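A.B. asks:
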Amino acid sequence: MQEKNVLSDNLSSLKAKIETGLEELKSSKELYEFKSVYLEGKKSKISELMKEMRNMAAEERAGYGKAVNELKTWAIQRFSEMEERMKEKELQQKYESEKIDLTLPGKETEIGNLHPVTLVINQLVDVFAGMGFEVYEGAEIENDYYNFTALNTPKDHPARDMQDTFYLSPEFLLRTQTSAGQIHVMEKKKPPIKILSPGRVFRSDDDATHSPMFGQMEGLVVDKGITLCDLKGMLDMFVQKVFGEGTTTRLRPSYFPFTEPSVEVDCSCFACGGKGCNLCKGTGWIEILGAGVVNKRVLENCGIDSEEYSGFAFGIGLERIAMLKYGINNIKLLFGSDLRVLKQINEK
Ligand code: PHE
0 MQEKNVLSDN
10 LSSLKAKIET
20 GLEELKSSKE
30 LYEFKSVYLE
40 GKKSKISELM
50 KEMRNMAAEE
60 RAGYGKAVNE
70 LKTWAIQRFS
80 EMEERMKEKE
90 LQQKYESEKI
100 DLTLPGKETE
110 IGNLHPVTLV
120 INQLVDVFAG
130 MGFEVYEGAE
140 IENDYYNFTA
150 LNTPKDHPAR
160 DMQDTFYLSP
170 EFLLRTQTSA
180 GQIHVMEKKK
190 PPIKILSPGR
200 VFRSDDDATH
210 SPMFGQMEGL
220 VVDKGITLCD
230 LKGMLDMFVQ
240 KVFGEGTTTR
250 LRPSYFPFTE
260 PSVEVDCSCF
270 ACGGKGCNLC
280 KGTGWIEILG
290 AGVVNKRVLE
300 NCGIDSEEYS
310 GFAFGIGLER
320 IAMLKYGINN
330 IKLLFGSDLR
340 VLKQINEK
């Protein structure tokens, strides 16, 4: 009898232990450990109680077995309830810990900006496209014919000395001027022609205002009755758009083999309005490009009748425009990658 009481005490104390133990659990990991100690496997506490049956008298065994089984069913039920609660609680904790605060400021990503020379190209293309110019992009490697001979600069011509050339072979060279593109365009297309050709050119030249590689933008217009006046009118419009409304131009006589007459174009100083300052070296004028009326020989070289058609051409130095516009005093700053310089020039 006594034996039986001890066993039933064991049953109720195990039940109490499970009950209180369950309430103290903090995680599903602890729950699984607790479950394996009390419920699962041959060595669990409940299995141990089952084993006690072996030592019992047959008449007691049935009742005891039933009681242990009830305890087991109860325990299974309690553990699975607890498992549900624990899962729910942990899911909630996970939500809490992974919660995103949408009101926090975002991480700032640095956005680069366009290079000053690119800004100039974009602006010039924009201005000239508005006047009906199309963009033609030529090649950086040219042969002697396109860069010089067809532009009325044969082999022994002294004007070749104006541009110290990088020769790749006796025949091929790095173009010294975007004017080479004029010939390609005029060979392919008959007038009316109105093209703009931006690109890199190369000369053996190197100081604070010259670089062996620099950008040019060529313009070419060929049609019936084109004169120097058309060039002047178009340039006036161009400088007003790029340097400001009051800006004007003046033409000075110059020489290029492929234009006749040839001019050097100055614009009135946009920094001092023409009174004279550091930028214009006290003259009130700033040189911005070379231009002229297309030499009849150049038209003829391309099979265009120079009696019927005439044209003008101009070549703008892109770095020069960028330096003037953005107040840069050394061309090398434009070819370095110093972000302190490049970031200051940030037009949209
Ligand atoms: N190609 C000339 C230069 O590089 C500029 C120019 C272009 C002059 C077109 C006249 C006409 O100096």
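For the sequence shown, numbering that gives the first Met the number 0 begins at 0 and goes up steadily by one. All residues carry an ideal CB built from backbone N, CA and C; glycine is no exception. On a predicted model such as this, the values are computed, not experimentally measured, just so you know.
For the alpha helix (DSSP H) that Asp235 lies in, which residues bound it at each end?
C.D. replies: 227-242 is the span of the alpha helix (DSSP H), which, as asked, contains Asp235.
A.B. asks: Going by Cα to Cα distance, which pick from Arg249, Ser336, Lys240, Val134 is closest to Leu230?
C.D. replies: Arg249
A.B. asks: Starting from Ile120 and walking both ways along the alpha helix (DSSP H), at which residues does that stretch end?
C.D. replies: 115-128
A.B. asks: Considering Cα atoms alone, identify which of Tyr31, Thr164, Val220 is closest to Pro190.
C.D. replies: Val220
A.B. asks: Give every residue of the same chain whose Cβ lies closer than 8 Å to the Cβ of Val134, excluding the five residues on either side of it in the sequence, and list them in chain order.
C.D. replies: Only Val124, Ala128, Ile194, Leu195, Ser196, Pro197 meet the Cβ criterion.
A.B. asks: By the three-class DSSP mapping on this structure, what secondary structure does Pro190 have?
C.D. replies: coil
A.B. asks: Alpha carbon to alpha carbon, how far is Leu348 from Thr108?
C.D. replies: This structure does not reach residue 348, given that the chain is present from 0 up to 347, and the question cannot be answered.
A.B. asks: Mind checking who Gln76 pairs with in its DSSP beta bridge?
C.D. replies: Answer is none; Gln76 lacks a bridge partner.
A.B. asks: Between which two residues does the beta strand (DSSP E) containing Phe171 stretch?
C.D. replies: 171-173
A.B. asks: What do you reckon, are the CB atoms on Cys266 and Val292 nearer than 8 Å?
C.D. replies: No, Cβ-Cβ distance for Cys266 and Val292 is not below 8 Å.
A.B. asks: Between the C-alpha atoms of Gly111 and Lys342, what's the straight-line distance to the nearest angstrom?
C.D. replies: 8 Å
A.B. asks: What number of angstroms, rounded off, separates the C-alpha of Met233 from the C-alpha of Ser178?
C.D. replies: 19 Å
A.B. asks: Quick one, are the C-beta atoms of Leu13 and Lys42 less than 8 Å apart?
C.D. replies: Between Leu13 and Lys42, the C-beta gap is not smaller than 8 Å, which leaves the two residues out of contact.
A.B. asks: How many angstroms separate the CA atom of Lys88 from the CA atom of Ser79?
C.D. replies: 14 Å
A.B. asks: Closer than 8 Å is the cut-off here; do at least three beta carbon pairs connect the segment 261-280 with the segment 297-306?
C.D. replies: no
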